[in-house]
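First the structure, in the form of structure tokens, and then the observations on it.
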Amino acid sequence: MFFFSVIGPGIIAANADNDAGGISTYSIVGAHFGLKMLWVLFLITFALAVTQEMGVRIGLVTRQGLGGIIREKFGVKWTLFAMITMLIANLGTITAEFAGIASSFEIGGIAKYWSVPVCAFLVWLILYKGSFKLTQKIFLIFSAFYVVYIINGFIIHPNFTESLEALVKPTLEWSAPFLLTMIALIGTTITPWGQFFIQSYVVDKGLDIKHYRAEKAEVFLGALITDVVSFFIIISTAYTLYKTGVHIADAKDAAMALKPLAGQFSLFLFGFGLFVASMLGAFILPTATAYAICEAFGWDYGFNKKWREARIFYGIILTAIVIPSILVLIPGLNLIKIMLLSQDVNGILLPIILIFVLKVINDKSIMGHHTNKTLGNIVAWITVLGIIAATVAMVVASFF
Amino acid sequence: MFYFSNLFNKKVHDKADKIVGRLVDVAVESDDTKEYPQIVGVLIRGLKGVEYFVDAKEVSNWSRSGVFLRCVLNPKMEIIPKEDNLLFLQKHIVDKQIVDLSGIKVVRVNDLHFEMVQGKMSLIAIDVSTSGLLRRLGFNKLSTSFFKPHLLEWRDVHVVGDQLQFDINKDDLVKLHPADIANLLEKLNLKQGGRLLDSLDEVTAAKVLEEVQPEIQKVLVQHLGTERAMDIIDKMSTDELVDLMQLLPGRESRQILESLPVSRDVKRVKKILEYDEDEAGGLMSTEYLTVAPEMTVAEAIERIKKYSHQHRSIFFIYVLDDYGHYLGIVSLRRLIIADPHVLVSELMKRIKGVPGVKPHDNLTTVANVMTKYNLLSVAVLDDSDHMLGVVTIDDVMRCLIPNA
């Protein structure tokens, strides 16, 4: 249990970042574009650390979730806007999680028409009847699966000089697929839900500003760990799939990247990892969504409430499970594309949420002397403007 | 009658029916004794962005199409009065969290309801419903056709905004069960929670603090600071105090222990602190009633009457010899139905029938002993059967089901 006393919000949020959308996006980044996007990953590691730290600081100072703070500062109309933005992004990500579940079972030859309804029901059952915290811990342990990518990354004997160089050498292609994948890469690493989640987490844990230094260190460490994993997923696929020119069309293709390590078992290993990562996301996201919305609008929430007392809370969770599951069940859907595109939605909507966060954290009446330093503001605004610029470029590029 | 959303951001017309700006806030008197505070004035943002404060007397008509004034705006009105006895509703009430005493929960203010009382426009109630939310968003049709407004009368409401005094309706709050107040407190932010705790008398505050979740208990005490927290902590029962000390970092708990008044048996607290939280020694309380075996029933009952106010509940009375050795127990029921002249020693269940537990026994062992011998509380004994304390069923349950 020592493990859990050390890890906190930063590492959990970072770990949950590598969900279904994460694995597939990083795999596609490496398989389709080789090392060309590593510099983006390098930059967004700092952006991730800075934005998550901002979430932690707001939570520690105000002891309120982001939804509640937005309501108190911006009033009801802006809150509605922020909540709809978050809801769309989150429904997209949950759809990716169920697409991940479907893909992982399809590797084993089980059709999504069986796996998705069963897992959706399971998620609901555990959230409603069981223990959210315990389940979260179990899946967190399983998510140590990512270690295989790191080991694999050494076994394939990549050219580390070349890879490290790619981290700092910007390459850009002015094509829609490149920009689309790049926005997904940003949107899967820094997420709207992540901002809400980390803030609620520090509030729930009963932490306050005295824990700031420890939490800051932990958040930075979390950002580093998650992007080290991302780095290895990208080079694993870059030095296997990109070299042989394999285009990822389904989960089986992505699994091939693990072949040097696991041989025949690579399919099983990848399927298991994808399943676990998807389930972790499928638990956390509907819950985080319902918490934020209920807090903002003043409805009763929390798992210690009964259905009768918190209908809207449970209603949101149920809706956030059912709609994405149904979407995934549409016949003939390209699951990998769904996972990638959902992360694009996240990336495109992220600036909106980040602007809210920036407005809050620079408000002296809320944050006192804990407002942002200049450096934090610069990094955050560059992230916001960078994503907006990339989005505009993508739209332009897809027309010409 | 009208709602705040009907007024907010509406155009303001002056005496000459010229549009002079928009209404941005409404101020009511912040007089705690008033059931329905009157509107004192309105804040108007002029066309050039300057804010004016206009006395409510100058308002000739409040309507959904706008606010009509009896006067014209003048530079004198640019002086916004101090907030000492005014409450600006948009700034401090709307969208903020409040405690709903009737429903015992924390809710958000979606809208405000005004009505004429004795010829003066006054604040009557707070709307916390989804209907109010939709009205604010401008979906008026939807707001009235599917949902009903849920109005809380202003006087039933305990406002916890940071700028406000807390003692509005304190008496109503005290009537609630401490566990309910604790649940409310857990939903508030730290500042508000601290304020809520501060507004209660020390005894109630101590009871509330005992019921609050450990993590929040810890930050609340740290937030209040040792000095202010001391008054409350001092009123807590010993075993709850020990639990709290175990949560706090060493330096802080030492500081608190040192500043506890002499009347408090600090030695006992320190002793309990030596044990782990989930073993008998850590769970136990040192508050229990004892009698001597040679006492009569009448004497024993007299003793209970004298000391019972110090204890939350009394299930068993513990029989000790002159040296503090545990001999057995006698239940309250046996004492009450027995002949007053009988000696306690004739009535009591002896140690063989009701064994104690050792301080290092774990929770499971304690629970087993209690279940096997049907005990609501069990004695904790050292190796020579000296009585150290009791573990009650409450302590065990709290350890088994921590989040209730």
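One line per chain: the protein sequences are C and V, in this order.
Residues are numbered in the working numbering as their position in the first sequence, beginning at 1, plus a constant of 1.
With the working numbering, letter number 290 in the second sequence gets 282, and the count goes up by one each step, no holes.
Here a beta-carbon is modelled for each residue, glycine too, at the ideal position from N, C-alpha and C.
Contact between E70/V and V42/V holds: CB atoms are separated by about 6 Å, below the 8 Å threshold.
Using a Cβ distance threshold of 8 Å, F271/C and A255/C count as a contacting pair.
Taking 8 Å as the upper bound for CB-CB distance, H105/V and L143/V are in contact here, some 6 Å apart.
Secondary structure at T372/C: coil, using DSSP grouped into helix, strand and coil.
Under the 10 Å beta carbon count, T363/V is surrounded by fewer than 16 other beta carbons and is classified as exposed.
With contacts defined as CB atoms closer than 8 Å, L188/V and L180/V qualify as a contacting pair. Judged by DSSP in its simplified three-state form, Y213/C adopts helix.
Residues of the region 308 to 320 of chain C with a C-beta less than 7 Å from any C-beta of chain V: none at all. Around the C-beta of D345/C, 16 or more other C-beta atoms lie within 10 Å, and the residue is accordingly described as buried. For the 8 Å CB-CB criterion, G23/C and T189/C form a contact. In the pairwise beta carbon analysis, the region 346 to 356 of chain C is classified as touching the region 87 to 98 of chain C: at least three pairs are separated by under 8 Å. When secondary structure is reduced to three states using DSSP, M379/V falls in the strand class. Sorting L334/C, A218/C, H212/C, E216/C by C-alpha distance to the C-alpha of V211/V places H212/C at the top. Membership of S369/V in the beta strand (DSSP E) is indicated by the continuous run 369 to 373. Three or more pairs of CB atoms, one per stretch, sit closer than 8 Å, so the region 270 to 279 of chain V contacts the region 374 to 385 of chain V.
Residue nearest to G76/C within the set D374/V, A174/V, F0/V, I173/V is F0/V (criterion: CA-CA distance). Looking from the CA of A359/V, the closest CA among A272/V, D377/V, Y299/V belongs to A272/V. Taking all protein chains in view, the Cβ of Q110/V is surrounded by fewer than 16 other Cβ atoms within 10 Å, so the residue is classified as exposed.
D47/V has a beta carbon lying at 8 Å or more from every beta carbon in chain C. In the DSSP secondary-structure assignment, A117/V is bridged to H105/V, E145/V. Here K7/V is not near L81/V, since their CB atoms are 8 Å or more apart. Rounded to whole angstroms, the Cβ separation of P325/C and F99/C is 5 Å, and the two are in contact under 8 Å. In the structure shown, E43/V falls within a strand segment according to DSSP collapsed to helix, strand and coil.
F197/C has a beta carbon lying at 8 Å or more from every beta carbon in chain V. Its Cα nearest to that of A289/C, the residue I317/C stands out among F357/C, I317/C, A278/C. When secondary structure is reduced to three states using DSSP, K350/V falls in the coil class, being assigned neither helix nor strand. Sorting D374/V, F(-4)/V, V283/V, L355/V by C-alpha distance to the C-alpha of R56/V places F(-4)/V at the top. Within the region 181 to 236 of chain V, no complete beta strand (DSSP E) segment of 3 residues or longer occurs. Remark: C-beta atoms of M84/C and G68/C approach each other more closely than 8 Å. Pairing N175/V with E219/V, the inter-Cα distance amounts to about 25 Å.
One alpha carbon belongs to K260/C, the other to S267/C, and they sit about 5 Å apart.
By the 16-neighbour rule on beta-carbons within 10 angstroms, E310/C is exposed. Pairwise C-beta distances place the region 42 to 56 of chain C in contact with the region 377 to 394 of chain C, as three or more of them are shorter than 8 Å. For the 8 Å CB-CB criterion, V59/V and K112/V do not form a contact.
Taking 8 Å as the cut-off, the Cβ atoms of E216/C and V203/C count as close. K40/V and Q30/V have their C-alpha atoms some 29 Å from each other.
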